[in-house]
Amino acid sequence: MPDGAAWVTLPDYMTLTEKLMARASGKAKVTAGENVWVSADVLMTHDVCGPGTIGVFKREFGKDAKVWDRQKIVIIPDHYIFTADSKSNRNVDILRDFVKEQGLPYFYDVIDDPNGHWVFDPSKGMLARQYGKNYAGVCHTALPQKGHTRPGEVLFGTDSHTCMAGAFNEFATGIGNTDAGFVMGTGKLLLKVPETMHFQLEGKLQPGVMAKDIILHCIGEIGFDGATYRAMQFDGAGVAGLTMDDRMTIANMAIEAGGKNGIFEFDARTKEAVDHRCKMNGTKATYEPVTRDRDEKFVYELVVDLSKLEPTVACHPDPGQRKKAKDMGDTKLDRAYIGSCTGGKTSDFLEFARVLRGHKVKIDTFGVPATPEIVHDLQTAQWDGKTVWQILVDSGVQMTENAGCAACLGGPVDTFGRMNSPMKCISATNRNFPGRMGHKESQVFLASPATVAASAITGKITDPREYWS
Numbered sequence: 227m228p229d230g231a232a233w234v235t236l237p238d239y240m241t242l243t244e245k246l247m248a249r250a251s252g253k254a255k256v257t258a259g260e261n262v263w264v265s266a267d268v269l270m271t272h273d274v275c276g277p278g279t280i281g282v283f284k285r286e287f288g289k290d291a292k293v294w295d296r297q298k299i300v301i302i303p304d305h306y307i308f309t310a311d312s313k314s315n316r317n318v319d320i321l322r323d324f325v326k327e328q329g330l331p332y333f334y335d336v337i338d339d340p341n342g343h344w345v346f347d348p349s350k351g352m353l354a355r356q357y358g359k360n361y362a363g364v365c366h367t368a369l370p371q372k373g374h375t376r377p378g379e380v381l382f383g384t385d386s387h388t389c390m391a392g393a394f395n396e397f398a399t400g401i402g403n404t405d406a407g408f409v410m411g412t413g414k415l416l417l418k419v420p421e422t423m424h425f426q427l428e429g430k431l432q433p434g435v436m437a438k439d440i441i442l443h444c445i446g447e448i449g450f451d452g453a454t455y456r457a458m459q460f461d462g463a464g465v466a467g468l469t470m471d472d473r474m475t476i477a478n479m480a481i482e483a484g485g486k487n488g489i490f491e492f493d494a495r496t497k498e499a500v501d502h503r504c505k506m507n508g509t510k511a512t513y514e515p516v517t518r519d520r521d522e523k524f525v526y527e528l529v530v531d532l533s534k535l536e537p538t539v540a541c542h543p544d545p546g547q548r549k550k551a552k553d554m555g556d557t558k559l560d561r562a563y564i565g566s567c568t569g570g571k572t573s574d575f576l577e578f579a580r581v582l583r584g585h586k587v588k589i590d591t592f593g594v595p596a597t598p599e600i601v602h603d604l605q606t607a608q609w610d611g612k613t614v615w616q617i618l619v620d621s622g623v624q625m626t627e628n629a630g631c632a633a634c635l636g637g638p639v640d641t642f643g644r645m646n647s648p649m650k651c652i653s654a655t656n657r658n659f660p661g662r663m664g665h666k667e668s669q670v671f672l673a674s675p676a677t678v679a680a681s682a683i684t685g686k687i688t689d690p691r692e693y694w695s
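What follows is the structure, encoded as structure tokens:
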């Protein structure tokens with residue numbers, strides 16, 4: 227058992243997750259291990275799982291069936307998009323046809339023509355934009371940007387990293403195509419109430435240390451299966467110093483410890499972010515957050531002093547293989563990568579640029595912003611007379627305007643940044659099981675954007691504090 231941790235009896239009072247599940251099931255109280263029917267507030271699917279979910283829905287409810295609530299389904303193509311693979315391109319067309327049939331308002335299409343067909347044109351190269359005005363990018367980053375994450379709600383998504391939305395004080399979890407097809411038709415799902423693990427964050431991060439280092443530390447403490455079918459609750463005085471992007475990074479990787487969901491407390495920063503996005507996009511603006519019961523008890527507790535954390539790396543072959551970056555200077559690299567829902571946000575690229583500014587990368591380095599909005603941020607925000615985008619390009623980073631998942635999960639062989647031969651890559655993404663970013667004999671080292679940047683400069687795993695300014 228890790229130092230500072232203690233196993234305790236199951237809770238007598240409800241945690242944040244238990245409160246959310248009680249509300250969504252219409253019950254006054256639920257307990258860990260209890261099976262309850264939960265009502266969904268939002269169902270999200272994308273181009274990889276959407277066609278399968280639609281198939282299940284039509285098979286079980288009938289080819290002419292209507293979804294349970296048109297306003298509560300969000301469809302975001304993002305995974306296998308910028309590839310010439312014809313089946314991947316066709317998946318987007320399947321989504322478009324279903325959206326037209328059902329009259330769904332929240333479809334973030336790759337193209338502008340509602341009667342068109344998506345075809346990626348490799349002759350235009352991988353760097354120049356190939357999407358229309360409605361395209362939203364990576365689903366987990368796009369959901370809050372487009373006003374679909376609200377405190378106190380239940381979000382189901384056909385993707386394991388749906389738990390990222392727990393940063394906004396909601397119960398968010400990934401489900402499979404069969405469950406999603408059922409939710410699509412009924413708006414409900416039978417779930418077991420998870421036990422809750424408590425991660426109390428105290429203190430403040432030191433320069434050069436990022437939110438990614440927090441979650442890699444936590445996963446390193448419990449192991450990559452240490453939170454299997456459990457809720458990971460993050461709170462404490464240290465949370466006040468974390469931005470919403472920071473919280474999203476942490477909640478996103480709850481699944482990398484096997485967690486059912488990750489969840490944060492609601493505070494003024496949450497309210498500001500959610501209210502702004504809902505107003506900007508005209509989405510539902512009312513919500514009811516859940517607050518902590520100070521008598522709550524947990525199945526596991528860990529106090530994390532943020533001031534003592536250092537740049538951390540998760541080594542091949544799973545996210546629980548934690549080491550300090552400063553102790554890995556002998557690990558030579560072939561590639562560096564920044565992107566994904568976890569590591570492709572505007573703030574991630576800003577810290578990446580902070581380290582890289584004035585330096586040149588020594589190894590092939592790929593940059594994939596998570597959403598078109600982030601592309602715009604980087605191409606307009608200036609630093610000493612240069613845009614952040616230009617700073618990165620001048621440093622030798624291959625930056626693509628085609629926001630999306632890209633090589634985070636491998637994809638077809640022509641995917642931007644994919645590893646098609648055995649190599650070692652340091653990446654700001656969230657998963658490093660064998661084959662995750664392409665070739666199954668490659669090795670992926672997970673780290674913060676700052677650590678990825680420093681390592682790109684030297685060609686070996688490097689503590690970013692050596693370059694911090």
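What the sequence shown shows, in the working numbering, is residues 227 to 695, in sequence order.
For every residue, glycine included, the Cβ atom is placed at its ideal position computed from N, Cα and C.
How far does the alpha helix (DSSP H) with residue i in it extend, from its first residue to its last?
i: F578; result: T572 to L582
i: D319; result: S312 to Q328
i: E244; result: L242 to S251
i: G488; result: Careful: G488 lies outside any alpha helix (DSSP H), inside the beta strand (DSSP E) at N487 to F490.
i: V500; result: A494 to N507
i: A368; result: C365 to Q371
Is the beta carbon of residue i within less than 8 Å of some heavy atom of the ligand FMN?
i: M390; result: No copy of the ligand FMN occurs in the structure displayed, which carries no ligand at all.
Looking only at DSSP bridge pairs, what is residue i linked to?
i: F382; result: L269 and T399
i: S681; result: DSSP output for S681 lists no bridge partner at all.
i: E421; result: R456
i: N628; result: The partner list for N628 (beta bridge, DSSP) is empty, contrary to what the question assumes.
i: F592; result: Y563 and Q624
i: K414; result: S265
i: E428; result: D531
i: L672; result: A540 and S653
i: F394; result: According to DSSP, which records beta bridges pairwise, F394 is partnered with nothing at all.
i: K558; result: K686
i: Y332; result: V300
By a C-beta neighbour count over all protein chains shown, 10 Å radius and 16 as the cutoff for buried, is residue i buried or exposed?
i: L416; result: exposed
i: N341; result: exposed
i: D689; result: buried
i: E514; result: exposed
i: E353; result: Note that residue 353 is Leu in the sequence shown, not Glu. By the 10 Å Cβ count, L353 comes out exposed.
i: S668; result: buried
i: G392; result: buried
i: D531; result: exposed
i: K639; result: In the sequence as presented, Lys is not what sits at residue 639; that position holds Val. V639 should be labelled exposed.
i: A676; result: buried
i: R657; result: buried
i: K245; result: buried
i: Y693; result: buried
i: N403; result: buried
i: K709; result: A question about residue 709 goes unanswered here, because the residues of the chain that appear run from 227 up to 695.
i: V234; result: Reliability fails at V234, whose pLDDT of 38 lies under 50, so the model's placement of it is uncertain and the value that follows must be treated cautiously. Exposed: under 16 other Cβ atoms inside 10 Å.
i: G373; result: buried
i: W263; result: exposed
If you follow the beta strand (DSSP E) that residue i is part of, which residue opens it and which one closes it?
i: V529; result: Y526 to D531
i: K550; result: R548 to K550
i: V539; result: T538 to A540
Should residue i be flagged as near chain B, meaning a C-beta pair shorter than 9 Å?
i: R657; result: Although the question refers to chain B, the structure presented lacks it and comprises just one protein chain.
Checklist entry - Is the stretch 441 to 459 in contact with the stretch 472 to 483, if contact means three or more CB pairs nearer than 8 Å? => result yes
Checklist entry - Do the stretch 299 to 318 and the stretch 329 to 348 meet, that is, are 3 or more Cβ pairs less than 8 Å apart? => result yes
Next on the checklist: Taking 8 Å as the cut-off, does the stretch 606 to 623 touch the stretch 491 to 508 (at least 3 CB pairs, one atom from each stretch)?
Outcome noted: no
Checklist entry - At which residue ranges does the stretch 438 to 473 contain complete beta strand (DSSP E) runs of 3 or more residues, listed in the order of the chain? => result 456 to 461
Item to check | Touching by the beta-carbon criterion (3+ pairs, under 8 Å), the stretch 320 to 338 and the stretch 588 to 605 | outcome: no
Checklist entry - Enumerated in chain order, which unbroken segments of the alpha helix (DSSP H) with a length of 4 residues or greater are wholly contained in the stretch 272 to 301? => result 276 to 287
Checklist entry - If you scan the stretch 606 to 670 from start to end, which runs of the beta strand (DSSP E) of 3 or more residues do you find wholly inside it? => result 650 to 653
Next on the checklist: Does the stretch 398 to 415 come into contact with the stretch 289 to 296, if we say contact requires no fewer than three beta-carbon pairs (one atom in each stretch) closer than 8 Å?
Outcome noted: A contact exists between the stretch 398 to 415 and the stretch 289 to 296.
Checklist entry - Three or more C-beta pairs closer than 8 Å, one from the stretch 645 to 660 and one from the stretch 563 to 579: is that the case here? => result yes
Item to check | Validate contact between the stretch 353 to 365 and the stretch 249 to 260 using beta carbons, cut 8 Å, 3 pairs | outcome: no
Checklist entry - Between the stretch 579 to 593 and the stretch 539 to 550, are three or more C-beta pairs nearer than 8 Å? => result no
Next on the checklist: Any contact between the stretch 434 to 441 and the stretch 509 to 529? By contact I mean 3 or more CB pairs, one from each, below 8 Å.
Outcome noted: no
Next on the checklist: Would the stretch 591 to 602 count as touching the stretch 619 to 631 if we require 3 or more Cβ pairs under 8 Å?
Outcome noted: yes
Checklist entry - Can at least three beta-carbon pairs, one atom from the stretch 294 to 305 and one from the stretch 425 to 435, be found at a separation below 8 Å? => result Verdict: no, contact absent.
Next on the checklist: Would the stretch 516 to 525 count as touching the stretch 271 to 278 if we require 3 or more Cβ pairs under 8 Å?
Outcome noted: no
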